[in-house]
Amino acid sequence: MTKRVLLLISDTGGGHRSAANAIVAALDQTRVGPHGEPLRFAHRIEDVASHCSFPLSKLGPAYSAALRFAPPIYGALYHVTNGKRRFRNVVRFCEPLYRQRLCALFRSYKPDIIVSVHPLLNHAALRARSDAGMLDVPVLTVVTDLGRVHEGWLVPEVDAVVVPAREVYQRARERGIAKERIYHLGHPVHPKFEDVSETKQQLRAALGLPADKTIALLMAGGEGGGKLLPTTLALAKSKMPLHLVVITGRNAALRTKLDELAPTLLTPLTVLGYCDNVAELMRAADLLVTKAGPGTIAEASLAEVPVVVYDFIPGQERGNLDYVRTNGIGVVALTTADVVRSVRRIVTNLERLQSMRDRQASVAPRGSSRRIAELIANIACGEFSDALPLTPLVAGL
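For the sequence shown, position 89 matches number 124 in our numbering, and the numbering has no gaps at all.
Here's what the structure looks like:
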């Protein structure tokens, strides 16, 4: 038996596509249905902007430009749209720009289940499903932000909602979503983050990293921008006994600049571009210094590497700062001086470092993407089963 899964994203940043890819990887590993029957999935990830009229068709580039040149304006827009009545007006404005094309996509692909992995696409999926006359096709929302998430994420009319954290579960209940439709399964992290079996020492040897140094891994998302350069230089000049590993992502100019500066710095520096072995690098590190991307924070929790958060996207990632603080999995340090002080305090206090690792193990549900794939399999096969091993996570909240 083959079931067709349509995953809806928008390429506003890399996090939504990464989450969809993680779910797809887990679906590819699923071989049996809810009753042990042979099962496989066909799947399709669609950037909905490609099915929209202007200006929504330019949503991705506009998002990137706003974050690069005017983050406060983006933050203001986030807050302006974050309310029931205000977001309803956004929906009314956007509907004419996507209804016809998204309806045509649904009719042509004929999915057995629709999975939304973006806050702007839950209402859109419900509207297009109705227009296509496909009310029997379930719509599942997979929330990828942490904390008190945006209004658009939580729509009571969808068939099920996957939440990544207890804070989001509470927010979903406040928004009127029935508890039996909420599944606390964690953030959809790629299964490869749980499949790393080598020890820290083995990983360091394979990666060419020193076995006897405290390794700080620095990241800034796939684009490698923001405060990554000044943060790296501040730590490199701090005279701490560190080895810095910096992932510059797709920012080739930054990688070139750091390669040029590395020989002049007292602190050893390993500079990497876009990587597909982040799972191994996190496991090899002692500390992760990063912007507040929810996917990165979730990956760090699985790798049990404490985090120092040095930057965030206004509005959108504010809740992630609270998540880090509240759950004790790291610290928030929003200036380079605070980053240096925070890193020094953490790496010189082994008890605190271990406490953060222990907290990470307790707050991040393991097997998140595989459990989401299991839920998709059950829903696609018409089984909303109370007997799934998902219920205890919800009941315990």
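The beta-carbon is built from N, C-alpha and C at its ideal position, and this holds for glycine as well. Nothing here was measured: the structure is a model prediction, and the numbers come from that model.
- The Cβ atoms of L304 and A297 lie closer than 8 Å to each other.
- In this structure, V150 is the residue among G261, E352 and V150 with its C-alpha nearest to the C-alpha of V197.
- With fewer than 16 other Cβ atoms inside 10 Å of its own Cβ, G211 counts as exposed.
- L277 sits away from L253, with the two beta carbons spaced by 8 Å or more.
- A direct Cα-Cα distance of roughly 8 Å separates A111 from G350.
- Restricting attention to alpha helix (DSSP H) runs no shorter than 4 residues, the region 321-384 encloses them at 329-338, 353-362 and 371-382, ordered along the chain.
- A Cβ-Cβ separation of about 6 Å places R394 in contact with N362 under the 8 Å criterion.
- In the three-state DSSP reduction, Y144 falls in the helix class (H, G or I).
- The C-beta distance from H158 to V190 rounds to 6 Å, short enough to fall under 8 Å.
- Under the three-state reduction of DSSP, D82 is assigned to strand.
- Residue state for L74 is assigned as coil, using DSSP reduced to three classes.
- CA-CA distance, A372 to A269, rounds to 8 Å.
- Excluding residues up to 5 positions away in sequence, A327, V344, F347 and V367 lie with their Cβ nearer than 7 Å to the Cβ of L356 in the same chain.
- The shortest C-alpha to C-alpha distance from A251 to any of T37, V375, P106 and N413 is the one to V375.
- Looking at the backbone, the Cα of D147 and that of N413 are separated by about 11 Å.
- In this structure L385 is exposed. Its beta-carbon is surrounded by fewer than 16 other beta-carbon atoms within 10 angstroms.
- Within the region 256-306, the runs of beta strand (DSSP E) that reach at least 3 residues and sit entirely inside it are, in chain order, 277-282.
- Going by DSSP, L175 is part of the beta strand (DSSP E) stretching over V174 to V177.
- With respect to C310, I332 sits apart: the two C-beta atoms are not nearer than 8 Å.
- Judged by their CB atoms, F122 and E192 are not nearer to each other than the 8 Å cut-off.
- Boundaries of the alpha helix (DSSP H) harbouring K235: K235 to L242, taken from the DSSP string.
- Judged by DSSP in its simplified three-state form, L41 adopts strand.
- In the DSSP assignment, L189 falls outside any beta strand (DSSP E), carrying neither H nor E.
- The beta carbons of V172 and R164 sit closer together than 8 Å.
- S390 carries a helical assignment under DSSP once its states are collapsed to helix, strand and coil.
- For A255, the CB contacts under 6 Å within the same chain, skipping 5 residues up- and downstream, are G261, L263 and K326 in chain order.
- Around the beta carbon of P73, a 10 Å sphere encloses fewer than 16 other beta carbons of the protein chains shown; the residue is thus reported as exposed.
- When the beta-carbon positions are compared, A399 and L322 stay at least 8 Å from each other.
- Membership of Y204 in any beta strand (DSSP E) is not indicated; the residue belongs instead to the alpha helix (DSSP H) covering R201 to E209.
- Assignment of S232 by DSSP, reduced to helix, strand and coil, places it in the coil class.
- F128 counts as exposed, since fewer than 16 other C-beta atoms from the protein chains shown sit within 10 angstroms of its C-beta.
- Inter-residue distance for R142 and V83 is about 15 Å (C-alpha atoms, whole angstroms).
- Apart from the 5 residues on each side of it in sequence, T65 sits with its Cβ closer than 6 Å to the Cβ of A408 and A412 in its chain, given in chain order.
- V340 is not a Cβ neighbour of T266, given a cutoff of 8 Å.
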